[in-house]
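Below you'll find the structure, written out as structure tokens, and then a few comments.
2 protein chains.
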Amino acid sequence: MTQKSSELIEFLRSLRAVRDYTPEPITEGDIDDMLEVGRWSGSSSNRQPAELVVVRDQAIKQKLAEGGVAPAARASLAFVIVTPGDPATREREAFDDGRLVERLLLAAKACGLGANIGSLKGEGPSVIKQALGIPPERRVWSVVTVGRIDEQARRARAAARAGAGRKPLAEFAHWDRFSA
Amino acid sequence: MTQKSSELIEFLRSLRAVRDYTPEPITEGDIDDMLEVGRWSGSSSNRQPAELVVVRDQAIKQKLAEGGVAPAARASLAFVIVTPGDPATREREAFDDGRLVERLLLAAKACGLGANIGSLKGEGPSVIKQALGIPPERRVWSVVTVGRIDEQARRARAAARAGAGRKPLAEFAHWDRFSA
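As they're listed, the protein sequences go chains C and A. If you're matching positions, the first sequence starts at 1 in my numbering and goes up one per residue. If you're matching positions, the second sequence starts at 181 in my numbering and goes up one per residue.
What follows is the structure, given as structure tokens:
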């Protein structure tokens with residue numbers, strides 16, 4: 001049984017999106033670790049509907065950036081999430097997609113890397129499906145970009161949006177009864 | 181900058197749903213920790229569309245169990261996730277819901293507790309909205325149950341479904357190009 005760990009809570013609580021990366025590549029070991037964490041993501045009835053494509057090719061990363069995921073242009077790699085695209089289960093696929101990308105973000109942080117979740121817009125999904133050989137009926141929408149953190153750019157960006165935090169606990173959590 | 185940590189990767193990789201709980205209550209400190217991790221969950225454009233209701237009342241937990249979330253009956257508490265319910269953003273709400281519940285599961289594990297994600301079925305969402313005073317237009321669907329782990333019941337359940345693992349890496353991750 002796991003013991004209570006305030007370090008683990010702080011690890012989870014302090015996760016932030018990182019969009020600024022250095023050109024330094026990331027290791028195969030880190031990629032393997034992130035994939036193992038992703039592979040063990042939970043899904044309803046253990047159906048495991050999600051797969052992903054590991055994108056390292058700069059031309060494809062550029063296409064991802066043009067498709068709405070700007071940080072892909074400077075990322076070491078991007079994970080493109082692929083789900084079945086069944087119209088009857090779209091919401092559940094989006095839900096499982098959300099669970100998977102959150103874990104990939106945390107796995108990147110565990111490796112000391114920065115990661116961000118972006119979503120493809122407009123023609124982005126079609127362009128990327130064609131570029132990666134993904135069948136057209138599949139659902140492709142979210143993309144996790146990963147790279148070594150560019151601390152200087154990150155600090156500048158953070159300063160530019162000072163004050164962007166989270167709403168207070170009383171507006172997030174309701175005790176025993178919702179109060180609209 | 182966070183250092184690479186194989187303990188953190190193992191923490192993330194080893195998360196499993198836990199449906200068997202002892203009657204022992206969980207502490208206010210653990211609840212606060214889980215809520216803080218939930219409150220800091222990311223959302224697109226930091227819109228923070230998700231809220232939750234902390235349910236400790238046994239009669240409501242019973243209603244959750246009848247609505248499709250069986251483990252709620254024996255859980256110390258249940259988090260009922262509430263999103264705006266805007267028909268134009270249903271998929272995005274499901275995605276943000278997925279990100280939030282995954283973090284709550286990990287936060288429970290960090291506290292040494294067990295947690296499970298369930299979803300309300302049939303009349304479940306309407307019944308629960310009425311019981312908790314949630315406006316009818318809001319989206320209520322997923323429920324995270326939390327409690328102290330009943331190790332004995334858990335082992336018995338695990339033995340009953342031996343072999344339930346995950347598909348091999350080659351079926352989850354595709355390198356550079358998807359192969360259907």
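A virtual CB, placed ideally from N, CA and C, is assigned to each residue, including glycine.
Whole-number beta carbon distance between residue j and residue i, since they are thought to touch under 8 Å
{"i": "C:Leu-8", "j": "A:Phe-191", "result": "6 Å"}
{"i": "A:Gly-292", "j": "A:Gly-327", "result": "About 11 Å separates the two Cβ atoms, so there is no contact after all."}
{"i": "C:Phe-95", "j": "A:Gly-278", "result": "4 Å"}
{"i": "C:Ile-81", "j": "C:Ala-110", "result": "Rounded, the Cβ-Cβ distance is 19 Å, inconsistent with contact."}
{"i": "C:Val-101", "j": "C:Leu-120", "result": "13 Å between Cβ atoms; not a contact."}
{"i": "C:Leu-64", "j": "C:Val-143", "result": "6 Å"}
{"i": "A:Ala-340", "j": "A:Asp-200", "result": "Rounded, the Cβ-Cβ distance is 12 Å, inconsistent with contact."}
{"i": "A:Thr-263", "j": "A:Arg-318", "result": "7 Å"}
{"i": "C:Gly-118", "j": "C:Gly-42", "result": "About 23 Å; that fails the 8 Å criterion."}
{"i": "A:Trp-220", "j": "C:Arg-74", "result": "25 Å between Cβ atoms; not a contact."}
Euclidean distance between Cα positions of residue i and residue j
{"i": "C:Asp-30", "j": "C:Ile-149", "result": "14 Å"}
{"i": "C:Val-53", "j": "A:Ile-240", "result": "42 Å"}
{"i": "C:Leu-77", "j": "C:Pro-25", "result": "9 Å"}
{"i": "A:Ser-185", "j": "A:Ser-306", "result": "44 Å"}
{"i": "C:Arg-92", "j": "C:Ala-72", "result": "26 Å"}
{"i": "C:Met-1", "j": "A:Ser-194", "result": "Any reading at C:Met-1 must be qualified, since the residue scores a pLDDT of 37, below 50, and its modelled position is unreliable; no value is offered."}
{"i": "A:Glu-331", "j": "C:Gln-48", "result": "25 Å"}
{"i": "A:Gln-238", "j": "C:Glu-28", "result": "49 Å"}
{"i": "A:Ser-224", "j": "A:Gly-265", "result": "16 Å"}
{"i": "A:Gly-369", "j": "C:Glu-171", "result": "Not covered by the structure: residue 369 of chain A. The range shown for chain A is 181 to 360."}
{"i": "C:His-174", "j": "C:Val-55", "result": "41 Å"}
{"i": "C:Glu-36", "j": "A:Asp-213", "result": "26 Å"}
{"i": "A:Val-198", "j": "C:Arg-155", "result": "39 Å"}
{"i": "A:Ile-314", "j": "A:Phe-259", "result": "14 Å"}
{"i": "C:Arg-181", "j": "C:Pro-168", "result": "There is no way to answer for residue 181 of chain C, as the model of chain C reaches only from 1 to 180."}
{"i": "C:Gly-124", "j": "A:Arg-196", "result": "34 Å"}
{"i": "C:Ala-70", "j": "A:Asp-356", "result": "19 Å"}
{"i": "A:Asn-296", "j": "A:Thr-202", "result": "14 Å"}
{"i": "C:Glu-66", "j": "C:Pro-136", "result": "19 Å"}
According to DSSP, residues forming a beta bridge with residue i
{"i": "A:Glu-231", "result": "A:Val-262"}
{"i": "C:Leu-77", "result": "C:Val-146"}
N- and C-terminal bounds of the alpha helix (DSSP H) containing residue i
{"i": "A:Ala-287", "result": "270 to 290"}
{"i": "A:Ile-240", "result": "238 to 246"}
{"i": "C:Ala-133", "result": "One detail in the question is off: residue 133 of chain C reads as Gly in this sequence, not Ala. Note, C:Gly-133: premise wrong, no alpha helix (DSSP H); not H, not E."}
{"i": "A:Ser-186", "result": "186 to 193"}
{"i": "C:Ala-185", "result": "No statement about residue 185 of chain C is possible, as the shown extent of chain C runs from 1 to 180 and does not include it."}
Limits of the beta strand (DSSP E) - the one that residue i falls within
{"i": "C:Ala-173", "result": "173 to 175"}
{"i": "C:Arg-139", "result": "139 to 147"}
{"i": "C:Gly-38", "result": "C:Gly-38 -> not in any beta strand (DSSP E); alpha helix (DSSP H) instead, spanning 28 to 39."}
{"i": "C:Ser-119", "result": "114 to 119"}
TODO: For the segment 96 to 110 of chain C and the segment 298 to 314 of chain A, state whether three or more C-beta atom pairs, one from each stretch, are separated by less than 8 Å.
DONE: Taking a cut-off of 8 Å on C-beta distances, the segment 96 to 110 of chain C does not touch the segment 298 to 314 of chain A, as fewer than three cross pairs fall below it.
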